[in-house]
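The structure appears right after this line, and notes come after that.
Listed below in structure tokens is the structure:
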């Protein structure tokens with residue numbers, strides 16, 4: 179059975195969020211208008227904050243050794259909805275390793 183564009187985008191986004199959080203980072207969700215979630219390590223909360231507009235920026239934050247969050251963003255991932263398996267539109271290169279699972283999933287879903 180063929181998956182819908184929305185199902186493909188959600189599946190890739192779920193893998194992306196889980197992999198980034200598993201690597202020890204926190205995420206903020208910026209929907210192009212406002213930051214709807216700040217510095218969360220809860221995958222369910224992050225995914226709930228996503229998909230409210232046509233795009234989301236996931237701002238990736240490094241968690242300092244138990245001392246709280248560093249002020250600077252570690253990187254970002256830009257997701258544009260409507261692009262199906264190409265939902266990940268851009269990212270900072272320092273996240274490419276962490277994103278390998280989501281990238282591989284997107285490539286599999288494209289074929």
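Residue numbers (the working numbering): 179 to 289.
C-beta: ideal position from N, C-alpha, C; glycine also.
Everything numeric in this text was worked out from a predicted model, so none of it was measured.
- The three-state secondary structure of residue 196, taken from DSSP, is helix.
- Note: residue 218 is bridge-paired with 205 in the DSSP secondary-structure output.
- Distances from the CA of residue 202 to each of 239, 180 and 190 were compared; the closest alpha carbon is that of 239.
- Beta-bridge pairing by DSSP links residue 254 to 237.
- Contact check between the stretch 213-230 and the stretch 265-282: fewer than three CB pairs, one atom from each, fall below 8 Å, which does not count as touching.
- Here the stretch 267-282 lies against the stretch 185-205, with 3 or more beta-carbon pairs under 8 Å apart.
- When 261, 260, 233 and 262 are compared, the shortest CA-CA separation from residue 254 is found for 233.
- By alpha-carbon distance to residue 204, the top candidate from 212, 217, 213 and 272 is 217.
- For residue 230, there is no enclosing alpha helix (DSSP H), as DSSP marks it with neither H nor E.
- In the structure shown, residue 213 adopts extended strand secondary structure according to DSSP, grouped into three states.
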